[in-house]
Amino acid sequence: MSNIVNEKCCDACEHEAEKPCPDLIDCLTGAKKCHDDPACIDERNKEIARLQRKILDRPAIFIGTGTCGMGAGAGKTLAKIKTYLATKQIDADVIEVGCIGLCVEEPLVDIQLPGKNRVSFKSITADKVDVLLDNVFDGMIPEGSVIGQFRNGTSGVWESVPFFDEHPFFARQTRWVLENCGIIDPVNIREYIAHGGFAALSLALREYTPSELCSLLEKSGLRGRGGGGFSVGLKWKLALNTQSDQKYFICNADEGDPGAFMDRAVIEGDPFRLLEGLLLAAYGIGASKAYVYIRAEYPLAIARLKKAIAQASEWGLLGRNILGSGVSIDVVIKQGAGAFVCGEETALIHSIEGKRGMPRPRPPYPSTSGLFGKPTAINNVETLANVPAIVAKGADWFRSLGTNSSKGTKVFALSGKINRTGLVEVAMGTKLREIVFDIGGGIPKQKKYKAVQIGGPSGGCIPESHLDIDIDYESLKTVGAMMGSGGLVVMDEDTCMVDVAKFFMDFIQRESCGKCIPCREGTRRMLEILERITQGRKSEKGVDALERFKGVMYLNRLAEVIQDTSLCGLGKSAPNPVLSTLRWFRDEYEAHIYERKCPSGVCSELLTYSIDSSKCTGCTVCMRNCPTEAIMGAKKTPHYIITDKCIGCGTCVEKCKFGAVIVQ
């Protein structure tokens with residue numbers, strides 16, 4: 002059974018073709034047996050155990066080579082591991098896997114010896130490889146770098162080594178979408194199949210009509226994970242029920258939100274899951290062609306997805322007559338140029354058509370007239386990655402987790418001022434406090450929590466008073482936020498919320514396609530108002546001070562006009578960062594406007610610098626490094642700062658070794 006691609010699946014099977022027999026997927030996963038030959042069943046079970054790494058005949062070393070791992074030095078670690086094995090003449094498998102989620106501890110290296118559990122180690126840079134491998138091959142687990150051992154059920158347990166799923170980062174997670182990421186070889190189709198892959202596709206092609214598949218998804222309660230939260234099954238039905246000679250399904254992998262990397266990690270770590278979900282979706286609406294629209298800035302994800310498509314084609318899992326079902330579906334990768342607006346459905350469609358990525362008025366909706374004027378359905382990566390498990394395990398299984406209106410799990414990219422950054426997947430309804438403090442480990446350096454930005458530029462900020470909010474679509478709306486694609490950026494007490502609003506407004510203004518006036522001009526006006534709020538008096542001329550107050554008075558009204566009159570969803574949600582921060586952090590706005598002070602000490606033009614004469618030794622370091630010669634004083638005597646000449650660059654603070662410079 003080890004050569005099942007080019008040979009018969011086993012000695013008892015009569016099927017001898019270049020591609021596996023149609024029943025082989027089910028045979029491998031145990032869903033269906035080709036026949037009842039005991040020898041075949043035994044061989045199948047052994048092959049699955051080998052592919053699941055439950056049986057090893059030599060050591061296996063796994064290294065996370067996703068984008069985050071490579072950025073932390075995993076490439077050098079990988080090279081060092083291969084050199085070590087060659088030098089020591091050790092026969093071992095070296096497997097590159099995707100990101101398991103604990104990005105803060107990259108590079109991650111797992112080692113599994115025959116007969117023993119797989120153990121994961123953190124921060125294994127190239128200089129630590131020799132010591133680590135020497136210890137493990139001698140049967141010792143170094144405590145300082147161990148994360149935990151994986152539960153196997155058949156292999157021996159390492160004494161005094163904690164289990165991986167007991168680590169605080171993973172203990173409260175529910176990993177459905179991410180269950181294979183960081184575990185399996187992402188470009189080995191046989192491993193994916195051994196873990197249950199493509200059984201759902203085979204089942205759907207045999208047992209479900211497209212209409213029944215749509216109803217199954219609708220019953221499950223799966224909602225789009227790209228931001229809008231629309232019912233997936235209902236969206237598919239709309240496209241299915243539109244008569245046409247050609248239909249398309251599009252996977253939106255554009256992922257343009259700052260701080261979001263969920264879709265990239267899923268494709269890098271488990272591309273076959275996305276592919277299976279996409280094939281099921283295309284079958285569900287009656288489409289014969291599917292597109293993956295992915296930004297060109299994801300080269301590793303694109304490379305692994307291409308390999309997955311090639312292997313699936315070789316196995317007869319896409320293309321013509323999939324698994325002998327008579328269903329034909331082609332998958333095409335379309336690379337985008339990284340424009341934020343192309344995350345909007347109609348702009349994305351225009352980009353695939355070779356046009357400029359700009360939204361168009363709706364109706365007609367894509368389900369009626371989409372790509373090339375044909376019925377089209379669009380979902381993002383995480384949404385499609387949920388589909389195979391729903392088909393395989395049923396709608397009730399998926400509905401068993403979550404809240405009344407939000408079922409299943411949600412993947413978040415946890416970043417910012419947080420101790421444990423990375424990817425987390427939690428059940429819908431999990432409290433925000435649990436994600437930040439239990440999973441994320443809280444705020445570094447014992448700083449105080451201030452807010453979480455959720456939903457990207459179109460989302461909002463959640464203050465400390467709402468840390469116990471349940472994470473679901475409806476709850477977030479009550480505090481002026483939205484689920485979005487899943488970015489969670491944590492901010493501490495040193496963060497200026499006016500500056501945060503200005504950052505996101507600058508991003509939105511630059512990324513506006515410019516088609517409609519409310520978004521193009523309105524966001525620019527809002528940005529100008531925020532810039533005036535954060536400017537000091539030195540930057541003002543003429544009637545600038547009057548314009549500053551006038552702008553502040555119109556800020557709310559301007560935001561409402563943009564929301565009401567913009568063409569697309571991105572424009573309508575553009576004012577959200579400003580409205581959210583105004584709602585929860587009005588005192589910071591008032592300090593900027595009325596007192597010309599930045600309480601967090603971020604807005605440089607509103608800061609004043611002075612020198613504490615009791616701490617100043619007159620070393621002249623600050624004076625010699627001041628770019629505007631604003632610091633005066635004789636050597637070995639206390640210095641002072643000329644306020645009118647100071648530009649607030651902060652160089653004096655950085656250079657002073659005695660903490661004599663005071664910033665207010």
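Okay, so the sequence shown: first residue is 2 according to our numbering, each after it adds one. Heads up, the beta-carbon is just placed ideally off N, CA and C, and yes, glycines get one too.
Around the beta carbon of D255, a 10 Å sphere encloses 16 or more other beta carbons of the protein chains shown; the residue is thus reported as buried. In this structure, V328 keeps its C-beta atom at 9 Å or more from the C-beta atom of L276. Of all alpha-carbon atoms in P389, S601 and F399, the one lying nearest the alpha-carbon of H196 is that of P389. When the five nearest sequence neighbours on each side are left out, the beta carbons in the same chain lying within less than 6 Å of the beta carbon of V490 are those of G260, S416, G417 and Q454, in order along the chain.
Under the three-state reduction of DSSP output, K637 falls in the coil class, being neither helix nor strand. F273: not part of any beta strand (DSSP E); member of the alpha helix (DSSP H) spanning P272 to I286, first to last residue. For G230, the CB contacts under 7 Å within the same chain, skipping 5 residues up- and downstream, are R224, Y474 and M484 in chain order. K238 is not a Cβ neighbour of E208, given a cutoff of 9 Å. Here the C-alpha atom of G572 lies approximately 10 Å from the C-alpha atom of K516.
It is roughly 13 Å from the alpha-carbon of P464 to the alpha-carbon of V501.
Contact between T644 and G619 does not hold, since their C-beta atoms are separated by about 20 Å, which reaches or exceeds 8 Å.
Counting the other CB atoms within 10 Å of its CB gives Q244 a total below 16, which places it among the exposed residues. Beta-carbon to beta-carbon, K248 and T377 are separated by about 7 Å, close enough to satisfy the 8 Å threshold. When beta bridges are read from the DSSP output, D495 appears opposite no residue.
A direct Cα-to-Cα measurement between A61 and Q113 gives close to 5 Å.
The Cβ neighbour count for S540, taken over all protein chains shown within 10 Å, is under 16; the residue is labelled exposed. At the C-beta level, V110 and G183 stay beyond 9 Å of one another.
DSSP, reduced to helix, strand and coil, places D43 within a helical segment of the structure shown.
CA-CA distance, L372 to E354, rounds to 7 Å.
Cβ contact annotation for K375 (same chain, cutoff 7 Å, sequence separation greater than five): S245, Q247, K248 and Y249, in chain order. F273 and P458 have their C-alpha atoms spaced approximately 30 Å apart.
A distance below 8 Å between beta-carbons, with the five flanking residues on each side excluded, links V654 to the following residues of its chain, in chain order: Y610, V662 and V664. Listed in chain order, the non-local C-beta contacts of K308 below 7 Å within the same chain comprise V188, local neighbours out to five positions each way being set aside.
Our two residues, E596 and S605, have alpha carbons roughly 14 Å apart in a direct line. Closest by C-alpha distance to N322, out of L280, I286 and G339, is L280.
With contact defined as three or more Cβ pairs closer than 8 Å, the segment 43-63 and the segment 88-95 are in contact.
Under the 8 Å Cβ criterion, the segment 149-164 counts as touching the segment 114-125, having at least three qualifying pairs. Taking S161 as the centre and dropping the five residues before and after it, the same chain places no C-beta closer than 6 Å to its C-beta. Note on geometry: alpha-carbon atoms of I563 and I509 lie some 12 Å from one another. Of all C-beta pairs linking the segment 379-388 to the segment 280-292, three or more are shorter than 8 Å, placing the two stretches in contact.
For V105, there is no enclosing beta strand (DSSP E), as DSSP gives it neither H nor E.
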